[in-house]
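For reference, the structure discussed in these notes is given below.
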Amino acid sequence: MSSSTSNVVAITGHGSFITLQSHVLAEERRHPEATGTLSWIISALAISAKTIAAKLKRARLEDVLGEIGSENVQGEQQQKLDVIANTVLLRVLQSRDGVAVLGSEENDELLHVDAEGGRHYSVMFDPLDGSSNLDVGGSVGTIFSIYRVAEGRGSTLLPGREQVAAGYVLYGSSTIFVMTSGSGVHMFVLDPSIGAFIRVAEHLQVPARGSTYSVNEANLASFPEGYQRFLAQCRDTGFSSRYAGAMVADVHRVLIKGGVFLYPPTAKAPNGKLRLMYEANPMAWLIEQAGGAASTGRGRILDVQPEELHQRVPVILGSRDTVADLMSCLA
Ligand code: P6P
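In structure tokens:
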């Protein structure tokens, strides 16, 4: 380590002064046609993430855990923090120029915002993914997916291959912001002592092959036969099973260590449980940008033409070669 880097480490405890904000501005400068609107939106997501992270750390102390006694459009019991996180994101994003459409897991319909002139964007998000983990101190996350909106086409849901930025925030042992805007996948960790997301990795690559599968095996009996055959092969070849019950935590593990994450069709959810617009698409793009693969079992997730905001798709994503092994079982 050079002396200048060791000085930086001595001052900050890490070798980098590159923050999420400086990373995004540098990306913006690589696109002469950029107006800065997308950078502003990512900045809004960053401040929302810091706010939600702070709230989560104090949840049990402030007694904001548990259910609020109502269901969301998914028919799922809403946690108090689902509503808090959703409110934070809606308020912060609506205050930013260029945000024309918002789609949230917690809202029945798309929200159309009176965006000023210039470039318009839509932001789809799951404000607090895996929130049922909260009462037991498990990891949860926020997932986001951003599209350009052509004039007058605000109510059109676009396929995932049209995303211009996507990512997630993992609220775990540390608060981790992972994103792509089409030039690789980059990771940032919140330094609470200075309130900034510090870049800790660039151009993450999913290992081509993994030895961990992540699936809710309680549904095994109702998985299509090809999935069952693949999982039996995994067990016979020494795979480990890891499942956090929160997509952000499970996909982050796959991004860092390789392997495969699955939510197949089940008897209760014939199209799988995960939602295309704010879970499958952003995670699929991240994994593909990191050299992995992401499929519905019938085709590329990013090529699915959306029909409605909350539609569900089966999800297979992870190491390119491991996904290929599963696809050959499904063929
Ligand atoms: P199951 C959380 O409710 C979620 O939407 C994802 O974060 C997670 O991957 C999945 O559902 C877990 O579903 O049926 O295994 O509890």
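The sequence shown begins at 1341 in the numbering used here and counts up by one. Just so it is clear, CB atoms sit at the ideal spot from N, CA and C, and this is done for glycine as well.
Residue environment, residue i, which counts as buried when at least 16 other CB atoms sit within 10 Å
i	result
GLU1647	exposed
SER1659	buried
ALA1589	buried
GLN1545	exposed
ILE1534	exposed
ASP1422	buried
ASN1621	buried
PRO1547	buried
ARG1469	For clarity, residue 1469 is Asp in the given sequence; the question names Arg instead. ASP1469 should be labelled buried.
GLU1628	buried
ARG1436	buried
ALA1584	buried
SER1339	Outside the shown range of the chain (1341 to 1671) lies residue 1339, about which nothing can therefore be said.
PHE1537	buried
LYS1397	exposed
ILE1637	Residue identity check: residue 1637 is Gly in the sequence provided, not Ile. Buried, because 16 or more other Cβ atoms sit within 10 Å of the Cβ of GLY1637.
ARG1615	buried
ARG1369	exposed
PHE1357	exposed
GLY1578	exposed
HIS1363	buried
LEU1649	buried
GLU1449	exposed
Terminal residues of the alpha helix (DSSP H) in which residue i lies
i	result
SER1362	1360-1369
HIS1592	1587-1597
ILE1486	Run containing ILE1486: none in the alpha helix (DSSP H); it sits in the beta strand (DSSP E), 1480-1489.
PHE1688	Because the chain spans 1341 through 1671 in this model, residue 1688 falls outside it and cannot be assessed.
MET1527	Not the alpha helix (DSSP H): MET1527 falls in the beta strand (DSSP E), residues 1525-1531.
SER1668	1660-1670
SER1388	1377-1397
Proximal residues to residue i (C-beta, below 6 Å), its chain only, five neighbours per side dropped
i	result
GLN1434	VAL1453
GLU1557	none
VAL1540	MET1527 and VAL1529
LEU1497	PRO1646
VAL1518	GLY1507, TYR1508 and MET1527
ARG1549	SER1659, ASP1661 and THR1662
TRP1380	ARG1436
ALA1318	No information on residue 1318 is available, as it lies outside the stretch 1341 to 1671 that the chain covers here.
Continuous beta strand (DSSP E) stretch holding residue i: start and end
i	result
PHE1601	1600-1603
GLN1419	1417-1419
GLU1628	It is not in any beta strand (DSSP E) - GLU1628 instead sits in the alpha helix (DSSP H) that spans 1621-1629.
VAL1518	1515-1520
ALA1541	1536-1541
ILE1408	1407-1411
PHE1690	Residue 1690 lies beyond the stretch modelled for the chain, which goes from 1341 to 1671, so this question has no answer here.
TYR1461	1460-1469
Three-state secondary structure (DSSP) of residue i
i	result
GLY1438	coil
SER1635	strand
VAL1428	helix
VAL1423	helix
GLY1443	strand
SER1346	helix
GLY1306	This structure cannot settle anything about residue 1306, because the visible part of the chain is limited to 1341 through 1671.
SER1551	coil
VAL1476	helix
SER1495	coil
ALA1374	coil
ALA1607	coil
ALA1561	helix
GLY1507	strand
LEU1616	helix
ARG1652	strand
LEU1450	coil
Sequence-distant residues of its chain with Cβ nearer than 8 Å to residue i (five each side left out)
i	result
CYS1669	GLY1566, TYR1567, ARG1569, PHE1570 and GLN1573
Cβ-based neighbour list, residue i, same chain, cut-off 7 Å, excluding 5 preceding and 5 following
i	result
TYR1618	GLY1443, GLU1445, MET1464, PHE1465, ASP1466, ILE1483 and SER1485
ALA1609	ARG1652
ALA1630	VAL1525, LEU1544, GLN1545, VAL1546 and LEU1595
ALA1393	TYR1511, THR1515 and LEU1530
SER1580	SER1551 and THR1552
ARG1582	THR1552, SER1554 and ARG1593
ASN1559	THR1606
Contact with chain C by residue i, beta-carbon distance below 9 Å
i	result
ILE1392	Looking at the structure shown, chain C is missing, and only one protein chain is on hand.
Under 8 Å: do the region 1384-1391 and the region 1422-1434 share three or more Cβ pairs, one atom per stretch?
yes
Inter-stretch contact (C-beta, 8 Å, three-pair minimum) for the region 1398-1411 and the region 1456-1463
In this structure the region 1398-1411 does not touch the region 1456-1463; the number of beta carbon pairs closer than 8 Å is below three.
With a cut-off of 8 Å, do at least 3 Cβ pairs link the region 1654-1668 to the region 1603-1612?
yes
Does the region 1551-1562 come close enough to the region 1465-1479 to have 3 or more Cβ pairs within less than 8 Å?
Because the criterion of three Cβ pairs below 8 Å is not met, the region 1551-1562 and the region 1465-1479 do not touch.
Are the region 1523-1538 and the region 1494-1504 touching by the rule of at least three beta carbon pairs closer than 8 Å?
no
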